[in-house]
Amino acid sequence: MMRGRNIVVVGTQWGDEGKGKIVDLLTGNVAAVVRFQGGHNAGHTLVINGERTVLHLIPSGILHDNVECLIGNGVVVSPSAVLDEIAQLEARGVKVRERMTLSPACQLVLPYHIATDVAREKARGSGEIGTTRRGIGPAYEDKVARRGVRLGDLYHGHNFANKLAEVMNYHNFILEKYYNANTVDFQKTLDDTSRLAEEIEPMIGDIAPILHDLNVRGENILFEGAQGAMLDVDLGTYPFVTSSHTVAGATSVGSGFDPRRLDYVLGITKAYSTRVGSGPFPTELFDGVGKHLADKGHEFGSTTGRPRRCGWFDAAAVKRVVRTTGISGLCMTKLDVLDGLETVRVCTEYEGSNGKIAPARFDSEYYSELSPVYEDLPGWQESTAGAHDFADLPENAQSYIRRIEDSVDAPVAMISTGPDRHDTIVLKEIL
Ligand code: IMP
């Protein structure tokens, strides 16, 4: 029997590695693109023929005709966010509804989740996580607490109203009594959500059998991760993380696809590091180089517009990620942002507060005590932007990439040299 190839794309840092562009590029060779975790906290920017599109919830494959876009059970779905995004795409002539399927097992993100997210961040004060304030964390909490309302519940009228009342009583109690914040109106939430539910209903469908059928028909499938491995709720810089599993291991549980059929994990890795929100960041730069990276790399969050913190490439961190998420190959992005620097630095290991070499581990209390040990490499003055061939890159840029492969223990399969689909060097054909 002919089987399709199944590729997982995940971020290897703190998100914003440029996954959207690569997913879009690889989508040319797949029948379906699947989201399996996260929600509309993600921001995937695509630039096609100079036109910029930012997607939050809808898989980055949507701009290719005929590709199925599937939202797996591991995703938390805001009905209003999904419909807004569909409307924006439709306004540009992109047909969405007939190609989208959302699992009925997706947890809903509703206004009381946002109210709780905002109230909690406010209460944390200077200790805030720096969430996107999209209600993502509270929605995942409701799921594991087994009081959550799922997409499929919307179509069981009376039961939906009862479930919503129960969970809203809980949230409103906490909002009012614990956070001293405004409560959320039940009737309005019920009416608004029921209205949106009607529009979403034709797009609801069980994802697992769709994936199985595509696979046995020999079609390729792409699983699109959101955020990055260092924001994983268990394996990341806890508690400064998102509330879902962002590593490749989440693919199967978040979609119902057989994990034995995953063929390749592509880890997207920026040529330097960025982080948005709070939490430890050993290679963070506060000097002119940090500013250079932020300015040249346009490092502002695509969901919240917040400036991103910038720093040198952290090979010690990515090496651990390569092992924990499982990476077959890397795609390096935004190499051109380093063009023109005299020296480029790579953190190859950490030193603890006692001055001794310390193993990479991300729990925040421990991780924030570590200092980077750097290796300096000569920079390059030539432009790498838009290069299509590895041999066209300046020698020092080639050495930088080879040094990173070596220090993180994973091969570089692709290099992205600009925002457009075509600005890409392919070292290994994945599909
Ligand atoms: P939450 O996902 O909104 O709960 O935010 C938790 C942490 O994850 C914060 O530090 C956010 O900035 C970060 N985060 C969430 N989504 C993204 C993303 O798509 N890119 C980068 N960081 C993200």
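Read in my numbering, the sequence shown has 177 at position 173, and its numbers run on one by one without any break. We put the CB at the ideal spot given by N, CA and C, even for glycine. Just so we're clear, the structure is a prediction, and the values are computed from it rather than from any experiment.
For Lys23, the number of other beta carbons within 10 angstroms of its own is at least 16, and it is reported as buried. Non-local C-beta neighbours of Val251 in its own chain, meaning closer than 7 Å and more than five positions away in sequence, comprise Val14, Ala233, Asp236, Leu239, Thr328, Thr329, ordered along the chain. The Cβ atoms of Gly65 and Val37 lie closer than 8 Å to each other. A buried status is given to Val27, since no fewer than 16 other beta-carbon atoms sit within 10 Å of its beta-carbon.
For the region 137-190, the full-length alpha helix (DSSP H) segments reaching 4 residues or more read 140-148, 161-177 along the chain. Taking all protein chains shown into account, Glu21 has 16 or more neighbouring C-beta atoms within 10 Å of its C-beta and is therefore buried. At least one heavy atom of the ligand IMP sits closer than 7 Å to the Cβ of Gly134. Here Leu226 carries a strand assignment [DSSP, helix/strand/coil]. Excluding residues up to 5 positions away in sequence, Ile66, Asn70, Val71, Glu72, Cys73 lie with their Cβ nearer than 8 Å to the Cβ of Arg103 in the same chain. Distances taken from the Cβ of Arg324 to the heavy atoms of the ligand IMP include none shorter than 7 Å. For Gly15, the enclosing beta strand (DSSP E) stretches over residues 10-15.
With a cutoff of 8 Å on beta-carbon distance, Leu431 and Met418 are scored as near each other. Counting only the Cα atoms, Arg96 lies some 25 Å from Gly229. Of the candidates Arg221, Gly209, Arg124, Gly156, the residue whose Cα lies closest to the Cα of Asn184 is Arg124. Close CB contacts of Thr278 within its chain, under the 6 Å cut and outside five residues either way in sequence, are with Asp20, Glu303, Arg312, Cys314 (chain order). Inclusion of Leu270 and Arg9 in the CB contact set at 8 Å is not warranted, their separation being larger than that value. The way I'd put it, the region 200-210 does touch the region 142-161; three or more beta-carbon pairs between them come closer than 8 Å. Distance from the C-beta of Gln231 to the nearest heavy atom of the ligand IMP is below 7 Å.
In the DSSP assignment, Ala364 falls outside any beta strand (DSSP E) and carries neither an H nor an E. Taking 7 Å as the cut-off, one finds at least one heavy atom of the ligand IMP near enough to the beta carbon of Phe244. Short of 7 Å from the beta carbon of Leu29, and not among the five residues preceding or following it, lie these beta carbons of its own chain, in chain order: Arg425, Thr428.
For Ala417, the uninterrupted beta strand (DSSP E) segment begins and ends at 416-420. Val257 carries a helical assignment under DSSP once its states are collapsed to helix, strand and coil. Here the distance from the Cβ of Arg138 to the nearest heavy atom of the ligand IMP is below 7 Å. A check of alpha carbon separations from Asn45 across Thr136, Glu399, Leu93, Gly222 identifies Thr136 as the nearest. Around the Cβ of Gln41, a 10 Å sphere holds 16 or more other Cβ atoms; the residue is buried. When the alpha-carbon of Glu369 is set against those of Gly356, Tyr378, Val377, the nearest one is in Gly356.
By the criterion of a C-beta distance shorter than 7 Å, Glu89 is surrounded in its chain by Leu59, His60, Leu61, Ile62, once the five residues flanking it on both sides are discounted. Three or more Cβ pairs drawn from the region 334-353 and the region 381-389 lie within less than 8 Å of each other, which places the two stretches in contact. Rounded to the nearest whole angstrom, the C-alpha separation of Val34 and Val153 is 32 Å.
When only Cα atoms are considered, Gly260 and Val325 end up about 24 Å apart.
Here Pro142 is actually not in contact with Leu112; their C-beta atoms are around 11 Å apart, not less than 8 Å. If the five residues before and after Ala212 are omitted, its C-beta is found closer than 6 Å to the C-beta atoms of Gly260, all from its own chain and listed in chain order. Counting C-beta atoms within 10 angstroms of its own C-beta, Val79 has 16 or more neighbours from the protein chains shown and is therefore classed as buried. Under the DSSP assignment, Glu72 falls in the beta strand (DSSP E) whose first and last residues are 72-75.
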